[in-house]
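Worksheet for the structure shown next.
There are 2 protein chains.
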Amino acid sequence: MELRHLRYFQAVAEELSYSRAARRLHIAQPALSRAVQEIERELGVNLLDRTRSSVRLTPAGKVLLRETALIFERWDEAMSRVLRTAGGEEGELRLGYIGPPTQPFLGRLLGEYRRRYPLVAIHLEERTPERVWEMVAKSRLSIGLTRPVPMAEALGLRTIKLRDERLGIVVPVAHPLAKRKNIAWRALEREPLIVLARREGVGLHDAVLAGCRAAGFAPKLAHTPSLIGTVLSYVEAGSGVGIVTDSIVAPELPLHFVPLKPTVSVPLVLVWQEDEDAPPVQRFRELVIEWQRAGKLWAKRPSR
Amino acid sequence: MELRHLRYFQAVAEELSYSRAARRLHIAQPALSRAVQEIERELGVNLLDRTRSSVRLTPAGKVLLRETALIFERWDEAMSRVLRTAGGEEGELRLGYIGPPTQPFLGRLLGEYRRRYPLVAIHLEERTPERVWEMVAKSRLSIGLTRPVPMAEALGLRTIKLRDERLGIVVPVAHPLAKRKNIAWRALEREPLIVLARREGVGLHDAVLAGCRAAGFAPKLAHTPSLIGTVLSYVEAGSGVGIVTDSIVAPELPLHFVPLKPTVSVPLVLVWQEDEDAPPVQRFRELVIEWQRAGKLWAKRPSR
DNA sequence: AACGGAAATAGAGTTTCGGTATCAGGCTTA
DNA sequence: TAAGCCTGATACCGAAACTCTATTTCCGTT
Chain Y
4 MELRHLRYFQ AVAEELSYSR AARRLHIAQP ALSRAVQEIE RELGVNLLDR TRSSVRLTPA
64 GKVLLRETAL IFERWDEAMS RVLRTAGGEE GELRLGYIGP PTQPFLGRLL GEYRRRYPLV
124 AIHLEERTPE RVWEMVAKSR LSIGLTRPVP MAEALGLRTI KLRDERLGIV VPVAHPLAKR
184 KNIAWRALER EPLIVLARRE GVGLHDAVLA GCRAAGFAPK LAHTPSLIGT VLSYVEAGSG
244 VGIVTDSIVA PELPLHFVPL KPTVSVPLVL VWQEDEDAPP VQRFRELVIE WQRAGKLWAK
304 RPSR
Chain X
4 MELRHLRYFQ AVAEELSYSR AARRLHIAQP ALSRAVQEIE RELGVNLLDR TRSSVRLTPA
64 GKVLLRETAL IFERWDEAMS RVLRTAGGEE GELRLGYIGP PTQPFLGRLL GEYRRRYPLV
124 AIHLEERTPE RVWEMVAKSR LSIGLTRPVP MAEALGLRTI KLRDERLGIV VPVAHPLAKR
184 KNIAWRALER EPLIVLARRE GVGLHDAVLA GCRAAGFAPK LAHTPSLIGT VLSYVEAGSG
244 VGIVTDSIVA PELPLHFVPL KPTVSVPLVL VWQEDEDAPP VQRFRELVIE WQRAGKLWAK
304 RPSR
C-alpha cells in the first residue's frame, strides 16, 4: 500500500462520496473505487459502507481516517524538517572555544547566530586550546575557536586565522613600565613573570618562552596559574609582570597593557573537520568570516 | 512521493550501500538509484554523499532517516489500530442501563467483557428507562439495558427481550401476607401501595396500574418515591405494601417477596440502533445473548 | 597498470495507474 | 408508475512508471 491510497481514502472519507472526492482530486471516479478496494483487500477490513446512494464510514474506517491525518501530519513535519535542515535553519552546533580571547565577542556572535537560525540547538564547551581541536578532530565538536592546530591537514582539519593577538605585559597602573608605548623583551630579563600554565595553552606559553629565548635570556617564571584571571590577580597583587595577549580586557581593574617589541603573535583560529557539511556549521563559519571582514569580532574592545 | 521512496531510502541509508540495500529489498540496484534521486529532486535536497566507493548521509539525510522511522511507526500503529477496531478489540462502548434490575449481573458482565476486549473504553450511564432508549435513539449511547421501547422500529431501534420480570409485593417478614406462595391482585385493594414514581419508569408503574385495573379496582398509592431503595425503606417502616419486580434482591433486609397472580411481567430488553455496527457493540450484544442462553444473567440471584 | 567493486546510465519489458465507456441500482420527478 | 438522473462498480484500453538486464564510469586496490 502506498500513500496514494491513503490520500484517496481520505478524500472519499471526508466527502462521503466517490464522485465528489474524484472531482476534488482531479481524477476519474473509477480510480478511487479501485484504490479504496485495494486498501480494503489488503487489510481485509471494510472501511466504507457503500449503498448505491450513500457512503458511510465503518468504525474501522473512522479510525483509519483519524490515523491518516496523523500520518500526513508526521509526513509534513518530516519534509519541513528536512528542508529546514538542508537550509541550515535547524540542526545543532557544538561549539568548543577557549574562554578569555573569545570573551569580548562570543556572546554577541552567538546572539546574532541564534537570531538568524533560532531552531539550531547550540551546545557550548569551554576547554583548553588543545582539548578544543582534539575534540573537533574526534567529531565531538562540530567547530572550534582555538589556537593553531599542528598538522591540521594530516588530521583532516581545516582552519582559518581570525586574528593575530599580540603579546604584551600587564602591570599595575602605578608600575614604572605602565606608561611605555611598548617594551622590549630584554626588559623582562630580571622581572618575575606570570604566565598561563603550559597545560592550559601550549601555544601561548611556548610563544612567551620563544620570545624570551629570541631576546637571549631565560625567563624567570614566578607563577604559572591555570586561569587568566589568576594571572591578573597576581599582577594586581604586585607579584610580578603578567604576559598575556592584547585580547585580554579588564577595564575594571587598575592594570595597563603594554605591547612587547619585537612583536610576537598568537593566532586565534576557527577549526572544523574538512568534510563537516552540516548546514548549521557552515552557517556559523560564514557568520564568523562575515564578522571578521566587518571588523566586528573585537568591535567593543576599547583600543589601547 | 510515495512510501516506496522512503522504504528504499531507509534501506540505503541504513546499509550505506546501494547494492547491499538492493539485495536486502530483493530488487535490482538501479531501481534504488532512481528512487533516491527522485526524492532528492523533489525536495531539492541532497540526502546522500555518494562517491564511487562510499555512501554517506548528509545532515538532511540523517534527519530524514530519523523522521522516516517515525513515519513508519505511525503507519504501523495506524494499521494495527484499524485491524483491532475491525476485530472489535479496540473502540468504545457507551452503555446506558437502569440500575436495580441490572445490578445482579451487570458488574460480572462488564468484568467478562473487559477481560475479553481489554482495549475497549467503557462508558456507563445509569438513567431512567425512557432516558436510556432516548439516548440510544439519538446515538448518545451505543447500547442500552432498559424497559421495552414503544415504536422501536419506527425509531430505527432494535431490541431483544432478555427476561420477563414478574411483578410481586414486598412486605416485612412479619407481615400476614409474607408466608403466601403467591397473592391475588384483589388482595391489594385495601392495602396502601408503594410503587416507584412514574417518571422513573413508565413501564413498571403502568404495569402496576394495569394489574389493579384488570382486577377491578383502583390502587391506593401511599407513596411513589424515585428510588427502589426508598420503596423498600417505606415497606420496612410498615408504610404499606411495595410492588416491585422479582429482580429486586435485598437479602440483607428483613423483607419477603411474594409473586402476584395472575402474573404480570415487565420485560428487560437490550436496545441498540439498527445500523449500529461498531464491533465493540456487536461483541457486547453477542456476550449478553451468550449469557442469557447460558442462564448466567441472573445466576447469582437466590431463587425464591 | 590492471583488476574488482560500486553507483550511474541506457534501453527494454512489464506492471499498474488512470481514463473512457458501460452497467446496475436507488432516488427524484413528472 | 415510469422516466431520468445520480452514484458506485466493472471492463477495457492506452500511457506512464517501475523494474530489470546490460553497460559505462570511476575509484581504490593489488
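Residue numbers (the numbering used here), protein chains in the order written: chain Y, 4 to 307; chain X, 4 to 307. Ideal Cβ placement from N, Cα and C applies to all residues, glycine included.
- Annotation: E203/X to H226/X spans about 13 angstroms, alpha carbon to alpha carbon.
- In the structure shown, the three-state DSSP call for I74/X is helix.
- Assignment of P175/Y by DSSP, reduced to helix, strand and coil, places it in the strand class.
- Inclusion of A72/Y and V85/X in the CB contact set at 9 angstroms is not warranted, their separation being larger than that value.
- In the structure shown, V205/Y adopts helical secondary structure according to DSSP, grouped into three states.
- A residue is called buried once 16 or more other Cβ atoms fall within 10 Å of its Cβ, and E293/Y, having fewer, is exposed.
- L290/X is positioned such that its CB atom lies closer than 9 angstroms to that of E115/X.
- Using a Cβ-Cβ cut-off of 9 angstroms, G94/Y counts as an interface residue toward chain X, since at least one Cβ of chain X sits closer than that to its own.
- One alpha carbon belongs to R53/X, the other to R87/X, and they sit about 43 angstroms apart.
- Straight across, the Cα-Cα distance linking A281/X with V269/X is about 29 angstroms.
- The beta carbons of I74/X and R7/Y sit about 15 angstroms from each other, so the pair does not count as a contact at 8 angstroms.
- Scanning V267/X, S36/X, R23/X for the CA closest to the CA of T248/X turns up V267/X.
- Distance from the CA of K223/X to the CA of E255/X, rounded to the nearest whole angstrom, comes to 28 angstroms.
- Below 8 angstroms, enough C-beta pairs join the stretch 144-162 of chain Y and the stretch 125-136 of chain Y to call them touching: three or more.
- By a beta-carbon distance limit of 8 angstroms, L51/Y contacts V15/Y. Their separation comes to about 7 angstroms.
- Ranked by how close their Cα comes to the Cα of R27/X, the residues F12/X, E41/X, R37/X have F12/X in first place.
- For S236/Y, the three-state secondary structure derived from DSSP is helix.
- Secondary-structure assignment with DSSP links A124/X through a beta bridge to E95/X.
- If you draw a 10 Å sphere on the C-beta of R118/X, you find fewer than 16 other C-beta atoms in it, and that means exposed.
- In this structure, E70/X sits near A81/Y, with a CB-CB distance shorter than 9 angstroms.
- Three or more beta-carbon pairs drawn from the stretch 258-267 of chain Y and the stretch 178-189 of chain Y are found closer than 8 angstroms, and the two stretches are therefore classed as touching.
- If you check the CB distance, L199/X and S229/X come in under 9 angstroms.
- Pairing L158/X with A187/X gives a Cβ-Cβ distance that is not under 9 angstroms.
- In this structure, the beta-carbon distance from E95/Y to V123/Y falls below 9 angstroms.
- Under the three-state reduction of DSSP, H8/X is assigned to helix.
- Counting only the Cα atoms, T61/Y lies some 36 angstroms from E168/X.
- Note that the C-beta distance between P175/Y and V238/Y is below 9 angstroms.
- Those residues of the stretch 66-79 of chain Y placed with their C-beta closer than 8 angstroms to a C-beta in chain X are V66, L67, E70, T71, L73, I74, R77, W78, ordered along the chain.
- Looking at the DSSP output, F260/X shares a beta bridge with V173/X.
- Assignment of S268/Y by DSSP, reduced to helix, strand and coil, places it in the strand class.
- Taking the beta carbon of R166/Y as reference, no residue of chain X falls within 9 angstroms; the closest one sits roughly 29 angstroms away.
- Around the beta carbon of E156/Y, a 10 Å sphere encloses fewer than 16 other beta carbons of the protein chains shown; the residue is thus reported as exposed.
- Taking the Cα positions, E128/Y is about 20 angstroms away from K164/Y.
- Residue contact check for A177/Y against chain X: no CB pair falls below 9 angstroms.
- Ranked by Cα distance from P257/X, the first of I246/X, G241/X, S250/X, P265/X is G241/X.
- Judged by DSSP in its simplified three-state form, G114/Y adopts helix.
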